[in-house]
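Heads up, the thing below is written out as structure tokens.
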Amino acid sequence: MLNLVWPIFIIISFSYAIFSGNLQNLNSSIFDSVESAVNLSITMLGTMCLWSGIINVATNTNIMKIMNKMLKPIIRFLFPEIRENKKAQNEISMNMVANILGLGNAATPLGLKAMETLQEENKNKKELSNSMIMLIVINTASIQIIPTTIIAIRSSLGAENPTSIIVPVWIATICAAIVGITVTKLLIKYSNKREKI
Amino acid sequence: MINIINFLSNLAMPLIILIIVIYGVIEKKEVFDKFIEGAKDGIKIVINIFPTLIGLFLAVGTLRSSGVIDIVIKILDPLLKIVNFPTEIMPLALLRPISGSSSIAVATDIMKNFGVDSQIGIMAAVIMGATETTLYTIAVYSSSVKIKKTRFVLIASLTADIVGIVTSIIVCRFLS
Numbered sequence: 001m002l003n004l005v006w007p008i009f010i011i012i013s014f015s016y017a018i019f020s021g022n023l024q025n026l027n028s029s030i031f032d033s034v035e036s037a038v039n040l041s042i043t044m045l046g047t048m049c050l051w052s053g054i055i056n057v058a059t060n061t062n063i064m065k066i067m068n069k070m071l072k073p074i075i076r077f078l079f080p081e082i083r084e085n086k087k088a089q090n091e092i093s094m095n096m097v098a099n100i101l102g103l104g105n106a107a108t109p110l111g112l113k114a115m116e117t118l119q120e121e122n123k124n125k126k127e128l129s130n131s132m133i134m135l136i137v138i139n140t141a142s143i144q145i146i147p148t149t150i151i152a153i154r155s156s157l158g159a160e161n162p163t164s165i166i167v168p169v170w171i172a173t174i175c176a177a178i179v180g181i182t183v184t185k186l187l188i189k190y191s192n193k194r195e196k197i
Numbered sequence: 198m199i200n201i202i203n204f205l206s207n208l209a210m211p212l213i214i215l216i217i218v219i220y221g222v223i224e225k226k227e228v229f230d231k232f233i234e235g236a237k238d239g240i241k242i243v244i245n246i247f248p249t250l251i252g253l254f255l256a257v258g259t260l261r262s263s264g265v266i267d268i269v270i271k272i273l274d275p276l277l278k279i280v281n282f283p284t285e286i287m288p289l290a291l292l293r294p295i296s297g298s299s300s301i302a303v304a305t306d307i308m309k310n311f312g313v314d315s316q317i318g319i320m321a322a323v324i325m326g327a328t329e330t331t332l333y334t335i336a337v338y339s340s341s342v343k344i345k346k347t348r349f350v351l352i353a354s355l356t357a358d359i360v361g362i363v364t365s366i367i368v369c370r371f372l373s
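Read top to bottom, the protein sequences are chains D and C. The opening residue of the first sequence carries number 1 in this note's numbering; numbering runs sequentially from there. The opening residue of the second sequence carries number 198 in this note's numbering; numbering runs sequentially from there.
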């Protein structure tokens with residue numbers, strides 16, 4: 001995707017700046033941007049290491065198991081079609097736990113494993129099954145307990161209180177997730193009805 | 198109400214750290230060793246994303262300084278005024294579903310330009326936290342099982358995204 005977007009951005013902005021005689025601004029912003037990427041990465045390093053360290057303590061305790069257990073009823077509600085498939089349920093719940101803790105790098109492989117397991121019992125192998133769609137929708141909803149990256153950016157830009165956005169983020173994610181899940185459930189119902197006719 | 202939200206926001210991170218550390222101690226784990234082990238992964242994450250950030254900060258920074266973003270905003274402004282959508286946020290809303298790292302660049306650019314604690318700056322932060330790179334996620338998940346017929350997954354997740362963005366804007370307006 002970026003192989004397409006990045007050159008377009010560069011070509012548009014550089015040629016527009018050259019034609020509109022904005023060269024001095026362009027030149028200074030080239031070095032400004034590179035420098036702010038360095039600044040952001042350095043300040044981000046602190047927050048990222050702190051959080052990765054804390055989460056690594058958590059993954060070595062039974063907290064993950066407890067969260068898995070707490071998610072069971074939610075998973076049964078969201079994925080009624082795989083009530084018998086314990087393996088798929090487990091993978092989905094581990095994927096959700098990883099997402100909640102903000103372990104993006106661990107969440108994706110777990111989610112993809114769950115996709116494979118769901119594909120095994122998918123009736124039409126060329127189409128996403130209802131459970132697969134629900135899994136993708138949940139993964140795009142990004143339910144995360146601490147939005148670490150954005151807190152790191154805020155603190156690197158000198159925000160007065162970098163964590164003050166946590167509850168607003170929770171409110172917005174939960175609304176998005178509820179709507180996403182409801183829309184998915186409704187569309188599943190509608191498509192089931194259409195198949196019967 | 199605003200005080201409660203601020204209090205909970207400030208409580209969240211310390212409380213979670215406290216619970217995790219206490220848990221580690223109760224279960225007799227080598228808490229500090231595990232912390233160090235994990236913190237090393239944090240370095241890897243930042244190093245991995247660093248080259249991408251350089252490239253995308255360059256792209257977004259020059260889009261801003263050349264005046265291209267201003268033109269896009271000017272074109273969209275009358276339309277967005279009707280629905281009372283803050284135009285300054287639009288570049289972020291458009292890029293967010295497509296690419297994670299370029300939306301980090303755009304969000305940082307917005308926070309820097311309008312002030313990290315300004316209403317627009319906070320909106321950009323909340324949107325970043327509340328939404329995901331939807332199109333990218335759909336592509337990775339569907340192609341992992343070699344499926345091209347994705348049925349209604351795009352409609353469902355983009356609806357969720359729009360709700361996430363709109364709620365972020367409403368909540369930020371309410372708070373400031």
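All residues carry an ideal CB built from backbone N, CA and C; glycine is no exception.
As assigned by DSSP and simplified to three states, the class of residue i
i	result
D/Lys-125	coil
C/Lys-346	strand
C/Val-313	coil
C/Ile-217	helix
C/Leu-208	helix
D/Glu-195	helix
D/Glu-91	helix
D/Gln-144	coil
C/Arg-293	coil
C/Pro-248	helix
C/Asn-281	coil
D/Gly-180	helix
C/Leu-329	Note on residue identity: the sequence assigns Glu, not Leu, to residue 329 of chain C. Correct three-state label for C/Glu-329: coil.
D/Met-115	helix
C/Ala-236	helix
D/Asn-22	coil
C/Ala-336	helix
D/Asn-62	coil
D/Asn-198	Examination of residue 198 of chain D is not possible in this model, given that chain D is present from 1 through 197 alone.
D/Arg-83	coil
D/Gly-102	coil
C/Ser-263	coil
D/Glu-120	helix
C/Lys-226	coil
D/Ser-155	helix
D/Ser-13	helix
Whole-angstrom C-beta distance between residue j and residue i, which should lie under 8 Å
i	j	result
D/Ile-174	D/Pro-162	Not a contact, Cβ separation roughly 21 Å.
C/Ser-365	D/Pro-168	7 Å
C/Thr-328	D/Ala-17	So it is not a contact: roughly 30 Å between Cβ atoms.
D/Ile-146	D/Ile-166	7 Å
C/Ala-209	D/Cys-49	Contact doesn't hold; Cβ gap of about 19 Å is too wide.
D/Trp-6	C/Ala-256	6 Å
Contacts of residue i in chain C (Cβ-Cβ under 8 Å)
i	result
D/Lys-126	Ile-344, Lys-345 and Lys-346
D/Pro-80	The premise fails here: D/Pro-80 is roughly 17 Å from chain C at the closest Cβ pair, so nothing lies under 8 Å.
D/Ile-11	Within chain C, no residue comes near D/Ile-11; the closest Cβ sits about 10 Å away, beyond 8 Å.
D/Val-137	Val-350, Ala-353, Ser-354 and Ala-357
D/Met-115	Tyr-338, Ser-341 and Val-342
D/Glu-160	Asp-314
D/Met-44	Val-243
Contacts of residue i in chain D (Cβ-Cβ under 7 Å)
i	result
C/Val-323	Ile-165, Pro-168, Val-169 and Ala-172
C/Glu-234	Asn-56
C/Ile-138	Because residue 138 of chain C is not part of the residues shown, which for chain C are 198 to 373, the question remains open.
Under 8 Å from the C-beta of residue i: neighbouring residues of chain D
i	result
C/Thr-305	Ser-36, Leu-40, Ile-153 and Leu-157
C/Ala-290	Within 8 Å Cβ-Cβ: nothing; C/Ala-290 doesn't reach chain D, min ~13 Å.
C/Leu-372	Pro-168
C/Ile-242	Met-48, Ser-52 and Asn-105
C/Ile-286	Those do not exist, as C/Ile-286 stays about 13 Å from chain D at its closest Cβ, beyond 8 Å.
C/Ser-300	Those do not exist, as C/Ser-300 stays about 10 Å from chain D at its closest Cβ, beyond 8 Å.
Under 9 Å by beta carbon: chain D residues contacting residue i
i	result
C/Thr-328	Thr-140, Ala-141, Ser-142, Ala-172, Thr-173 and Ala-176
C/Phe-247	Ala-37, Val-38 and Ser-41
C/Val-280	What C/Val-280 touches in chain D: nothing, since even the nearest Cβ is about 18 Å away.
C/Met-308	Ile-153, Arg-154, Leu-157 and Ala-159
Within chain C, the residues that residue i reaches when beta carbons sit closer than 7 Å
i	result
D/Gln-119	Val-342
D/Met-67	Neighbours of D/Met-67 on chain C: none; closest Cβ ~12 Å, over 7 Å.
D/Gly-111	Tyr-338
D/Phe-77	Those do not exist, as D/Phe-77 stays about 16 Å from chain C at its closest Cβ, beyond 7 Å.
Residue i beta carbon near the ligand ZN (any heavy atom closer than 7 Å)
i	result
C/Asp-314	Questions concerning the ligand ZN fall outside what the structure shown contains, since it holds no ligand whatsoever.
Chain-ordered neighbours of residue i on chain C, where CB pairs are closer than 9 Å
i	result
D/Pro-73	Those within 9 Å of D/Pro-73 in chain C number zero; the least Cβ separation is about 22 Å.
- Item | Interface positions of the region 249-277 of chain C facing chain D (Cβ-Cβ less than 9 Å), listed along the chain | Thr-249, Leu-250, Ile-251, Gly-252, Leu-253, Phe-254, Leu-255, Ala-256, Val-257, Gly-258, Thr-259, Leu-260, Arg-261, Ser-262, Ser-263, Gly-264, Val-265, Ile-266 and Ile-268
- Message: Output needed in chain order: residues of the region 336-354 of chain C with a Cβ under 9 Å from some Cβ in chain D.
- Response: Ala-336, Val-337, Tyr-338, Ser-339, Ser-341, Val-342, Lys-343, Ile-344, Lys-345, Lys-346, Thr-347, Arg-348, Phe-349, Val-350, Ile-352, Ala-353 and Ser-354
- If we count Cβ pairs, one from each stretch, closer than 8 Å, do we get three or more for the region 18-33 of chain D versus the region 273-288 of chain C? no
- Contacting positions in the region 16-27 of chain D - beta carbon closer than 7 Å to chain C: Tyr-16, Ala-17, Ser-20, Asn-22, Asn-25 and Leu-26
- Between the region 200-222 of chain C and chain D, which residues of the former have a C-beta closer than 7 Å to a C-beta of the latter? Ile-202, Asn-203, Leu-205, Ser-206, Asn-207, Ala-209, Met-210, Ile-213, Ile-214, Ile-217, Val-218, Tyr-220 and Gly-221
- Would you be able to state if there are at least three C-beta pairs under 8 Å between the region 340-358 of chain C and the region 135-145 of chain D? yes
- Would you say the region 43-63 of chain D touches the region 95-114 of chain D, given that touching needs at least three Cβ pairs under 8 Å? yes
- Counting pairs of Cβ atoms below 8 Å between the region 1-13 of chain D and the region 216-224 of chain C, do you hit three or more? no
- Task: For the region 70-82 of chain D and the region 229-245 of chain C, state whether three or more C-beta atom pairs, one from each stretch, are separated by less than 8 Å.
- Result: no
- Cβ contact check for the region 104-118 of chain D and the region 62-75 of chain D: 3 or more pairs under 8 Å: no
- Message: If contact is defined by three or more beta carbon pairs under 8 Å, each pair taking one atom from either stretch, is the region 281-292 of chain C in contact with the region 316-335 of chain C?
- Response: yes
- For the region 81-101 of chain D, which residues have a beta carbon sitting closer than 8 Å to at least one beta carbon of chain C? none
- Assess, as a yes-or-no matter, whether the region 120-136 of chain D is touched by the region 296-316 of chain C under the definition of 3 or more beta carbon pairs within less than 8 Å. no
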